[in-house]
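One structure below.
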Amino acid sequence: MSARSRLFATRDPFDIAGTDALFTAAVREDAAFHYAHCPPYRRMLDARGIDPSAIASPADLPPLPTVLFKHHRLFSMDERRLPVKATSSGTRGVLSHIGLDWGALFHGAKMVLRVTKWRGLLSPVPVSYLVLGYEPHKGVDMAVMKTAFGATLLAPAIRRRYALRWRDGGYQADLGYVLDELQKLASTRFPVRFMGFPSYTYFLLREMEQRGIRVTLPKGSRIMLGGGWKAFYAEAVDKQVLYDMILDRLGVLEEDVVEFFGAVEHPILWCDCKAHRFHVPAYARAVIRDVRTLAPVPMGTPGLVSLITPMIRACPLTSVMTDDLGILHPGEDCPCGLKTPYLEILGRVGLDDIRTCAAGAAALLDTGKEGDT
Ligand SMILES: [Zn+2]
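Position one of the sequence shown corresponds to residue 155 (the numbering used here), numbered consecutively onward.
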């Protein structure tokens, strides 16, 4: 059995201490696979003199900047045979080209079931979904849409309503429609589940305030937030303000607000605890790195967030460098009782800083291209 299979068979989604050795073995195995099957990745590791099967710690594997996947097609498997191809919308319209293999889907499904069960999201009670996002449409390949749709499978769906509907060959947003549907759903006896970007949710709640609309969603309703603040940092409100608005306008308690975190380039489900902290799951590790040297920094020091998971064989996503600044805190600092460290995202660094960081890696990938046939 592969180290990946054993790691993803871990029952406790937050057993970090118990999985450390296995995690390192799985990272070695995954990176060695990409080294063998993705020539640009091999060149990059060779240029740094790194043998992926011999690394002492997952942090020793150089992270690939996520922007690299927007400009290069990096695959370790035949792209045409992959069951899932996803593209990230990107804040500037540049797409990342990522694929997932069958193994990643299988292990990913187990991870999603364990994490959502832990957070009480897995339920046999039928619910109505209100997705503040895109309605699925044939031929549209956005990862954010697939994630949102995936979230509507955690409890049986009576109905699904989408804020962005496919009409006449394109997506249309209709706030009036969303507010009408919300009021209709609130009057049924079935719980309602919201799924959307925090920013969209905030805009909707603000609109409800302005129009004087207030509903009380049925007991068991949940607000699921995902996708981060994206391009809306300027609008970013304090999370507590958002929770207070949710209670005031929708009648949903703060503990029933669940936030997800993840990226196309790191398709691991990070889910917040009841105290809204993102504890490191058994299936991933976060390494905070110095902005200039990229060397790992100690717990409690801010830096660039690099995320590691051995889940994917299709693309060399073992260790990626995000453009987020973050900090790792000791688990004991969270009142929820989980002892594993938690990751706090502080915001996004300037694009120029990331370009500098990505340029180095891209230059390495380009080196020796002539010799590669
Ligand atoms: Zn916690």
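C-beta: ideal position from N, C-alpha, C; glycine also.
- Query: For G427, which residues of its own chain have a beta-carbon under 7 Å away from its beta-carbon, when the five flanking residues on both sides are left out?
  - Reply: Here residue 427 turns out to be Cys, not Gly, going by the sequence shown. Same-chain partners within the cutoff: H433, C488, C490 and L492.
- What do you get for A417, buried or exposed, if any count of 16 or more other CB atoms within 10 angstroms of its CB means buried? buried
- Task: Express the C-alpha separation of T342 and D477 in angstroms, rounding to a whole number.
- Result: 42 Å
- Task: With hydrogens ignored, establish whether the beta-carbon of A429 is closer than 7 Å to any heavy atom of ligand 1.
- Result: yes
- Cβ atoms of D410 and S375: under 8 Å apart, would you say? yes
- Name, in chain order, the residues that DSSP records as bridge partners for M475. P219 and S460
- Would Y284 pass as a contact of V346 if the rule is Cβ separation under 8 Å? One point to set straight first is that residue 284 is Leu, not Tyr, in the sequence displayed. A contact, by the Cβ cut-off of 8 Å.
- Task: With a 10 Å radius around its C-beta and 16 neighbouring C-beta atoms as the bar for buried, classify S282 as buried or exposed.
- Result: buried
- Task: Out of S159, L318, A180 and R160, point me to the one whose CA is closest to R439's CA.
- Result: A180
- Query: Is any heavy atom of ligand 1 found at a distance shorter than 7 Å from the C-beta of L492?
  - Reply: yes
- Item | Classification of M155 by the beta-carbon crowding that lies within 10 angstroms, buried from 16 upward | exposed
- Message: Which residue wins for smallest C-alpha separation from V279, given the options S207, L359, G304 and A311?
- Response: A311
- Message: I need the straight-line Cα distance from W320 to L329, nearest angstrom please.
- Response: 14 Å
- Task: Answer yes if the segment 225 to 233 comes into contact with the segment 449 to 461, meaning at least three C-beta pairs across the two stretches below 8 Å, and no otherwise.
- Result: no
- Mind checking whether V459 and E419 have CB atoms under 8 Å apart? no
- Proximity to P464 [Cα-Cα], best of T447, K373, T270 and A436: A436
- Message: F162 and H261 - do their beta-carbons sit closer together than 8 Å?
- Response: yes
- Query: How far does the beta strand (DSSP E) with F348 in it reach, from first residue to last?
  - Reply: V346 to G350
- 7 Å Cβ shell around C192 - same chain, five flanking residues per side excluded: L228, F229, S230 and P470
- Query: For R536, does the three-state DSSP call read helix, strand or coil?
  - Reply: This structure does not reach residue 536, given that the chain is present from 155 up to 527, and the question cannot be answered.
- Message: What I want to know is whether the C-beta of T433 ends up closer than 7 Å to one or more non-hydrogen atoms of ligand 1.
- Response: Per the sequence shown, the amino acid found at residue 433 is His instead of Thr. Yes.
- Is Y283 near ligand 1, with its Cβ less than 7 Å from a heavy atom? no
- Task: Could you tell me which uninterrupted alpha helix (DSSP H) segments, each at least 4 residues in length, are contained entirely in the segment 362 to 450, listed from first to last along the chain?
- Result: 393 to 404
- Item | Check whether A468 and L249 have beta carbons under 8 Å apart | no
- Unbroken beta strand (DSSP E) run spanning V285, endpoints: V281 to Y288
- Please state if the CB of A327 and the CB of L318 are separated by a distance shorter than 8 Å. yes
- Query: Taking one C-beta from the segment 267 to 277 and one from the segment 170 to 178 each time, how about it: are there three or more such pairs within less than 8 Å?
  - Reply: no
- Task: In angstroms with no decimal places, state the Cα-to-Cα distance between P217 and Y325.
- Result: 35 Å
- Would you mind giving the Cβ-Cβ distance between L275 and L308, rounded to the nearest angstrom? I have them listed as a contact below 8 Å. 5 Å
- Message: One question on the structure: do G485 and T494 come within less than 8 Å of each other, judged by their Cβ atoms?
- Response: yes
- Task: Identify the continuous alpha helix (DSSP H) that holds H188 and give its terminal residues.
- Result: D174 to H191
- Task: State the start and end residues of the unbroken beta strand (DSSP E) segment that holds A309.
- Result: Here A309 belongs to no beta strand (DSSP E), and DSSP marks it neither H nor E.
- Leaving aside the five residues before and after A208 along the sequence, list all residues of the same chain whose C-beta is less than 8 Å from its C-beta, in chain order. R182
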